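K.L.:
One structure coming up, written as C-alpha cells, with questions to follow.
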Amino acid sequence: MPNEKDKVELIETLKLCDTPIEVLEKLRKIILEHLREGKTHFTASIDVKVYRPPKNVNKMVFRAVADEYVQGASLHDIWRFVNQYYTHASKFDKSLEYKRWETYVSREVLKLIEMGYATTNEIDLLREIVKSRKKMKRFRDLWSRYADKIVVKPIPEAIRKLSSRPSKKKVEIKVNGKEALIKGLYGRRLRIKL
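Here our numbering is used: the first residue of the sequence shown is 907, the next is one more, and so on.
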C-alpha cells in the first residue's frame, strides 16, 4: 500500500533559481483550488522541501541563502534575516550574541561560497570584509559601503546533494483579478499570473 507521505506534492523553493515554472505551476494549482471555493484572500499551509545545512555552517545563514533568498540577496539582507530569527528565537535575548555580528554572518557566507554551495558577484570584496573583522573601524567602513552590493546566490546542483526533509510553510495569498500575490514562501513577495 502506498505511503500517505508519498502522495504529498512538495514544493522546492530552490527551483525558483533554475526551474521556476515548475514551482509556479504547483502554486497556481493550489490557488485555483481555493478560488473555486470563492476565496480571494487566504492563508494556506504548503509542504516545502528544505535542505539540511552542511557541517559547521550556521543553519540560519544557510537557510537564508538556500531557502529564503533563492534568487539572490545582498549580504545585508542575509544578516537582517539571521538577526531577526535570533531576536525572536526565545524569551531570552539570544540576539545579544548576534547583535552587530555582521562579522559572523560574513564569515559564514564566505564559508558557504568556499564549500561550493553559493556564489557571489564580489568574492574579493567579501574576503576583504572577512579579513578586516579584527579591525572593527575598517570592518564597519567596508560593511557600510559594500554589504548591499555583495549579492549571494545559491548553487542548486550542490545544495541538492545535501539531505532534505519536508517542512510546512504558512503562506498568505491574495488574489487580485488575474494575479496572485504570495507572502511567506520565500524572502520576497511572489507574483503569479493566473
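Quick reminder that beta carbons are idealized off the backbone N, C-alpha and C, glycines included. Since this is a predicted model, take the numbers as computed values, not measurements.
1. Looking only at its chain, what residues have a beta carbon closer than 7 Å to the beta carbon of residue 1090, apart from the 5 residues adjacent to it on each side?
2. What separation, rounded to the nearest whole angstrom, lies between the Cα atoms of residue 955 and residue 947?
3. Quick check on DSSP: helix, strand or coil for residue 952?
4. Cα-Cα, which of 1008, 1007, 1033 is closest to residue 1019?
5. Within a Cβ cutoff of 6 Å, which residues of the same chain sit near residue 1036, ignoring the five residues on either side of it in sequence?
6. Between residue 1043 and the rest of its own chain, which residues show a CB-CB distance below 7 Å, the 5 nearest in sequence each way excluded?
7. With C-beta atoms as the reference, is residue 971 less than 8 Å away from residue 1024?
8. Taking DSSP as the reference, what is the three-state secondary structure of residue 1069?
9. Kindly identify the DSSP beta-bridge partner or partners of residue 1098.
10. Is residue 1060 helix, strand or coil when you go by DSSP?
11. In the DSSP output, which residue or residues are listed as bridge partners for residue 947?
12. In the DSSP output, what is residue 1074 paired with across the bridge?
P.N.:
This is what the structure holds:
1. Excluding the 5 residues flanking it on each side, residue 1090 has same chain C-beta neighbours closer than 7 Å at 1075, 1076, 1077, 1078, in chain order.
2. Rounded to the nearest angstrom, the gap between the Cα atoms of residue 955 and residue 947 is 25 Å.
3. The answer is strand: DSSP assigns residue 952 an E or B state.
4. Of the candidates 1008, 1007, 1033, the residue whose Cα lies closest to the Cα of residue 1019 is 1033.
5. Answer for residue 1036: 1012, 1013, 1016, listed in chain order.
6. Apart from sequence neighbours up to five positions away, no residue of its chain approaches residue 1043 with a beta-carbon distance below 7 Å.
7. Result yes, Cβ atoms of residue 971 and residue 1024 sit closer than 8 Å.
8. Secondary structure at residue 1069: coil, using DSSP grouped into helix, strand and coil.
9. DSSP, once it has assigned bridges, lists 1086 as partnering residue 1098.
10. The answer is strand: DSSP assigns residue 1060 an E or B state.
11. The bridge partners DSSP lists for residue 947 are 1080.
12. 953, per the DSSP bridge assignment.
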